[in-house]
Amino acid sequence: MSNIKLYLLFFKTYLKVKSEYRFSFFMDLFSQFSTFAITYLSIWILFGRFKDINGWNFYEVVFLYNINLFSYGLAGLFFFNPLRFLEEMIHSGEFDCLMHKPMSVFMHLICRRFNQSYLGYLILGIIVFRFCMDKLNIIWTVANVIWFIIVMAGAFLIQASIIIISGTTGFWLTRSASVTETIVHRFRSFITYPVSIYNTFVQILLTFVIPYAFVNYYPGIYFLDREDSSLFSPYFQYLTPVVGIVLMILAMGFWRIGMNRYQSTGS
Amino acid sequence: MSIIKVENLTKQFKRTKRKKGFFGAIKTLFSNEYEIKTAVHDVSFSVEKGEIVGYIGPNGAGKSTTIKTLVGILVPTSGNAEVKGIIPYQSRIENARNIGVVFGQRTQLWWDIPVVDSINLMRHMYKIQDALFEENMKIFSQVLGIDEFINTPVRQLSLGQRMRADLCVSLLHSPDILYLDEPTIGLDVVVKENIRNFIKKINKEMGTTIVLTTHDMDDIEMLCHRLIVIDKGHLMYDGDMGSLKAKYGSNERLTIITEKSDVDLKGLLALGVSEFKYNGIKADIQYETDKINAMGILEWMMQRCRVKDFSIHQVNIEEVIRKMYRELDERSKMMK
Ligand SMILES: Nc1ncnc2c1ncn2[C@@H]1O[C@H](COP(=O)(O)OP(=O)(O)OP(=O)(O)O)[C@@H](O)[C@H]1O
Ligand SMILES: [Mg+2]
């Protein structure tokens, strides 16, 4: 509880400091906006040529992309910068300074860095979601809304866990930052489109190894009421929250292993 | 009751043996050949409440490793440590409430945000009572001059300012023990002086127990009642400054100014002089006080030339330590 209070204070302080440089604050947001606007644009251009991709129409693909973007934005807001820079903090010795404070080292790490540009992802995700909602055939019953929120929470956990796991490799690797960048940016770009368009290998990879497919593709099957054209069990469309929780438990376990290693090797 | 107890502490680091060249690098990746580096070897000591202990030794001696164990960052390979009855590497968080830590080369402050906000965050992290907080801030901002730069983001601070801010933050919760790992490294004389005075004041007025490592002899001379010396992980000396000087520093230096002459001072060597330099006017003579004293040398000189002036220099701790390190080095060479 007190950790959350501290985080909120940190968040407030950071925003206050960042917004003092108002110009660069908005430029950050804007540049993130434009990166993703370009992704939307490329989806749109693609659909100018093809009527559908593997049976998914433009709005459906945008819907998938939105779930990805929003859950990533939320996870990245808290976790990306701290874990991306973990390796650097270990290298510079700053990490030692996290360890002589009376709070969980992980929480302290999270309270240490922050990247306001992820706020841009969230805003953009909400705006685009609002626009494409009417074009989708989703009936928002109360049950559906609740399930959607649960799925978003699961997607958030998956995104967060993947960031945490890849950043935690910094306890072993001296170039873990590039591992994190590769997984979180390159691999995640696969789920811009429905994973059923990829070959078996990629589908297995995105389902069992780096399970990004559970962020948007599988729950998408449920919400858009699609024929499941993936290789695996139809039950996968309900598994997002479970995958999220399991992955987060694994991520925390992996973090503990990394910490134990650090406490015995000091590097 | 000792506030810090270290018993037979040993810390070894495993390092994978690196091989040269490209194929070597690949082999390194898959090999499980280790090289064991013993950073701290069977070290025992204890510290009483209210002491200022200088923990010194040449580079790579194992000072930081010991401090990190006491802080709870590292788990020892064998032996144990206890700080205020708590085993730091088992109850890291509990231990953290009792201690303040400053590592000279890195900051615990938030890099991007102003000092005042960092202080505020720490205040919440430690849940410091308002009254205590205000009292401490009053002392710190006065003695350390924090007010000058309290609104500046940490990354824009000079090294000296940052060090002062770090000291302030590490003491906000009035810890019983303060660990300082090279607190004066890279600072100018004025800031060093300021920090030393502050450390003294904290120790005297708040009764804070202080363990500090340093390579700066003035720090030792001005702050430490007691010295613990380690070298290559081994404890070499533990005691007060006076006995250390007596043990290693029975040296004095005498400077004599004469009228121009060509006396050969070699004759002094037999009398207990260990080193000399003479250019016909100025003589620099080192001798061991248990063999000869300044009067003896002066008499010897006055019989041979006209002495115009002279001065006696007490050995300072720097020379004592330098001599000690040199002896440690020679001893370990002989062992090889
Ligand atoms: N994390 C680590 N992994 C491997 N070896 C280490 C590690 N940390 C320290 N060492 C080695 O252990 C020895 C003691 O290091 P330590 O940092 O404790 O020395 P120190 O007395 O603080 O030296 P300095 O005065 O240079 O700061 C050195 O030989 C160092 O190379
Ligand atoms: Mg050191």
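Protein chains in written order, with numbering that gives the first Met the number 0: chain F, 0 to 266; chain B, 0 to 335. Heads up, the beta-carbon is just placed ideally off N, CA and C, and yes, glycines get one too. Here the structure is a predicted model, which is why all the values come from computation and not from measurement.
Are there any heavy atoms of ligand 2 lying less than 7 Å away from the beta-carbon of residue i, as far as the coordinates show?
i, result
"T183 (chain B)", "no"
"D165 (chain B)", "no"
"D218 (chain B)", "no"
"T212 (chain B)", "yes"
"D27 (chain F)", "no"
"D180 (chain B)", "yes"
Ends of the beta strand (DSSP E) at residue i?
i, result
"E274 (chain B)", "V272 to Y277"
"K50 (chain F)", "Counting along the chain, K50 (chain F) falls outside any beta strand (DSSP E), and DSSP gives it neither H nor E."
"E287 (chain B)", "K281 to E287"
"V183 (chain F)", "V183 (chain F) -> no beta strand (DSSP E), and no H or E assigned at all."
"V39 (chain B)", "Y33 to E47"
"R14 (chain B)", "S1 to T15"
"D180 (chain B)", "I176 to D180"
"Q313 (chain B)", "V306 to Q313"
"I256 (chain B)", "N250 to T257"
"V82 (chain B)", "S77 to V82"
"G238 (chain B)", "H233 to D239"
"D230 (chain B)", "R225 to D230"
"I98 (chain B)", "I98 to F102"
Just to confirm my understanding: we take residue i, look at its own chain, exclude 5 residues before and 5 after, and list those with CB closer than 7 Å. What are they?
i, result
"F32 (chain F)", "G119 and L123"
"S70 (chain F)", "M151, A154, F155, Q158 and V214"
"Y216 (chain F)", "L63, I190, P193 and V194"
"V74 (chain B)", "Y88"
"I182 (chain F)", "I161, S165 and I209"
"G279 (chain B)", "K259, S260 and D261"
"L204 (chain F)", "none"
"M205 (chain B)", "S173"
Who are the near neighbours of residue i in its chain, counting only those whose CB is closer than 6 Å to its CB and skipping five residues on each side?
i, result
"F94 (chain F)", "M88"
"Q11 (chain B)", "I35, T37 and T76"
"W109 (chain B)", "S117"
Which two residues bound the contiguous alpha helix (DSSP H) that contains residue i?
i, result
"F77 (chain F)", "F57 to R83"
"Y6 (chain F)", "S1 to E19"
"A159 (chain F)", "V141 to T167"
"D95 (chain F)", "E93 to M98"
"A212 (chain F)", "A212 to F222"
"T208 (chain B)", "Here T208 (chain B) belongs to no alpha helix (DSSP H); instead the beta strand (DSSP E) covers T208 to T212."
"V70 (chain B)", "K62 to V70"
"L108 (chain F)", "V104 to I109"
"N119 (chain B)", "V114 to M124"
"D129 (chain B)", "D129 to L143"
"Y54 (chain B)", "No alpha helix (DSSP H) holds Y54 (chain B); the beta strand (DSSP E) holding it covers I51 to I55."
"I124 (chain F)", "The sequence given here has Gly at residue 124 (chain F), not Ile. First-last of the alpha helix (DSSP H) with G124 (chain F): Y117 to M132."
"N196 (chain B)", "V188 to M205"
"R161 (chain B)", "L158 to L170"
Using a Cβ-Cβ cut-off of 8 Å (strictly less than) and excluding sequence neighbours within five positions of residue i, which residues of its own chain qualify?
i, result
"Y42 (chain B)", "Reading off the sequence, residue 42 (chain B) comes out as Val, not Tyr. Counting only Cβ-Cβ distances below 8 Å, and skipping sequence neighbours, we find V5, N7, L8, T9, G61, T65, G78, I229, G232, H233 and L234."
"D342 (chain B)", "The structure shown has nothing for residue 342 (chain B), since chain B only spans 0 to 335."
"G103 (chain B)", "M162, L179, D180, E181, P182, T183, I184 and G185"
"L264 (chain B)", "V272, F275, Y277, A282 and I284"
"A36 (chain F)", "L123"
"H184 (chain F)", "none"
"N196 (chain B)", "V142"
Any beta carbon of chain C sitting closer than 8 Å to that of residue i?
i, result
"L5 (chain F)", "Considering every chain present, this structure includes no chain C. Its protein chains are F and B."
Note to self: Closer than 9 Å between beta carbons: that is the criterion. Which residues of the stretch 9-33 of chain F meet it against chain B?
What the structure shows: So the close ones are F9, T12, Y13, K15, V16 and K17.
Notebook entry, point to check: Quick one, what's near ligand 1 if you take every residue whose CB is closer than 6 Å to any heavy atom, in chain order?
Noted result: Each of F:T264, F:G265, F:S266, B:F12, B:R14, B:K36, B:A38, B:G56, B:N58, B:G59, B:A60, B:G61, B:K62, B:S63 and B:T64 has a C-beta closer than 6 Å to some heavy atom of ligand 1; these make up the full list, in chain order.
Check: Using Cβ-Cβ distances below 8 Å, what residues of the stretch 42-70 of chain B are close to chain F?
Finding: Residues of the stretch 42-70 of chain B with a Cβ closer than 8 Å to any Cβ of chain F, in chain order: T64, K67 and V70.
Check: Which residues, in chain order, does the stretch 136-170 of chain B contribute to contact with chain F at a C-beta distance below 8 Å?
Finding: Residues of the stretch 136-170 of chain B that bring their beta carbon within less than 8 Å of a beta carbon in chain F comprise P152, in sequence order.
Check: Which residues, in chain order, does the stretch 81-108 of chain F contribute to contact with chain B at a C-beta distance below 7 Å?
Finding: The stretch 81-108 of chain F vs chain B, Cβ under 7 Å: S91, G92, E93, D95, C96, M98, H99, K100, P101 and M102.
Note to self: Short of 7 Å Cβ to Cβ, which residues in the stretch 244-266 of chain F face chain B?
What the structure shows: Going along the stretch 244-266 of chain F in chain order, one finds Q262, S263, T264 and G265 with a Cβ nearer than 7 Å to chain B.
Note to self: Output needed in chain order: residues of the stretch 96-110 of chain B with a Cβ under 8 Å from some Cβ in chain F.
What the structure shows: The stretch 96-110 of chain B vs chain F, Cβ under 8 Å: R96, I98, V100, F102, Q104, R105, T106, Q107 and W109.
Margin query: Taking beta-carbon pairs under 9 Å, can you tell me which members of the stretch 73-92 of chain B lie near chain F?
Written below: Within the stretch 73-92 of chain B, the qualifying residues are L73, V74, T76, Y88, R91 and I92.
Notebook entry, point to check: Taking a cut of 7 Å between CB atoms, which residues from the stretch 173-192 of chain B lie near chain F?
Noted result: Cβ contacts with chain F: none found.
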